[in-house]
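Sequential numbering of the sequence shown, starting at 22, is according to our numbering.
Heads up, the thing below is written out as structure tokens.
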Amino acid sequence: MAKVINLEACFDRFTDTWTPKIIGELNGQHVKLARLEGDKIPLHTHEEEDELFLVVEGILDVEDEGMTTTLRAGEFCIVERGHEHRVIPRGHVKLMLFEPAEIRHTGEVRTEITQDECERIDI
Numbered sequence: 022m023a024k025v026i027n028l029e030a031c032f033d034r035f036t037d038t039w040t041p042k043i044i045g046e047l048n049g050q051h052v053k054l055a056r057l058e059g060d061k062i063p064l065h066t067h068e069e070e071d072e073l074f075l076v077v078e079g080i081l082d083v084e085d086e087g088m089t090t091t092l093r094a095g096e097f098c099i100v101e102r103g104h105e106h107r108v109i110p111r112g113h114v115k116l117m118l119f120e121p122a123e124i125r126h127t128g129e130v131r132t133e134i135t136q137d138e139c140e141r142i143d144i
């Protein structure tokens with residue numbers, strides 16, 4: 022039977038920023054939620070994986086290969102593998118990510134926000 026997951030209920034379970042939480046899995050992909058605030062993500066690359074960034078709330082700038090795309094609530098973009106990129110929230114942003122389970126949070130770049138494993142939220 023299909024399981025219904027309420028995004029707001031998931032977001033209510035955490036307040037920390039820059040720590041994606043796994044809320045689901047499908048076909049080798051993780052569905053993650055994250056709260057973002059401040060300019061903390063370094064430019065980085067994922068050589069083997071594409072990433073999908075879907076803004077649930079707020080405004081997010083996505084720098085991809087030197088160009089900036091602005092996303093608002095209800096919009097998403099896909100950053101293709103091999104592209105140097107980073108995201109910059111304008112204020113507080115609630116974000117949904119779809120990415121391969123084996124992806125490294127900040128590529129090969131390690132910073133204060135790099136996570137080796139993401140916490141799971143069970144609803």
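Yeah, the Cβ is synthetic: ideal placement off N, Cα and C, and Gly gets one too.
What is the DSSP secondary structure of Ala-55, reduced to helix, strand or coil?
In this structure, Ala-55 counts as strand in the three-state DSSP scheme.
For the beta strand (DSSP E) that Phe-32 lies in, which residues bound it at each end?
No beta strand (DSSP E) holds Phe-32; the alpha helix (DSSP H) holding it covers 28-32.
From the DSSP output, which residues share a beta bridge with Thr-91?
BP columns for Thr-91 point to Asp-82.
Let me confirm a value: Leu-54 is counted as buried when at least 16 other C-beta atoms fall within 10 Å, else exposed. Which label applies?
The residue in question, Leu-54, is buried, as its Cβ has 16 or more Cβ neighbours within 10 Å.
Flag Glu-46 as yes if its beta-carbon sits less than 8 Å from any beta-carbon of chain B, otherwise no.
Although the question refers to chain B, the structure presented lacks it and comprises just one protein chain.
Where do the N-terminal and C-terminal ends of the beta strand (DSSP E) with Leu-118 fall, by residue?
Per DSSP, Leu-118 belongs to the beta strand (DSSP E) from 106-121.
Closer than 6 Å by C-beta to Asp-85: which residues in its own chain qualify, once you throw out the five before and the five after it? Chain order, please.
So the qualifying residues of the chain are Val-100, His-104 and His-106.
Can you tell me which of His-51, Val-77, Arg-102 and Glu-123 puts its alpha carbon nearest to the alpha carbon of Asp-71?
Considering only alpha carbons, the answer is Arg-102.
Is it buried or exposed, His-113, if we count other Cβ atoms within 10 angstroms and call 16 or more buried?
With fewer than 16 other Cβ atoms within 10 Å, it is exposed.
Our contact map puts Gly-73 next to Phe-35 with C-beta atoms below 8 Å; I'd like the distance itself, whole angstroms only.
First, the residue type needs correcting, since residue 73 is Leu and not Gly in the sequence shown. The Cβ separation is near 21 Å, so there is no contact.
Compute the beta-carbon to beta-carbon distance between Arg-141 and Ile-43, rounded to the nearest angstrom, for a pair I have assumed lies under 8 Å.
With 8 Å as the limit, Arg-141 and Ile-43 qualify as a contact, their Cβ atoms being about 5 Å apart.
Using CA atoms only, rank isn't needed, just tell me which of Asp-60, Val-108, Pro-121 and His-51 is closest to Glu-68.
The option with the nearest alpha carbon to Glu-68 is Pro-121.
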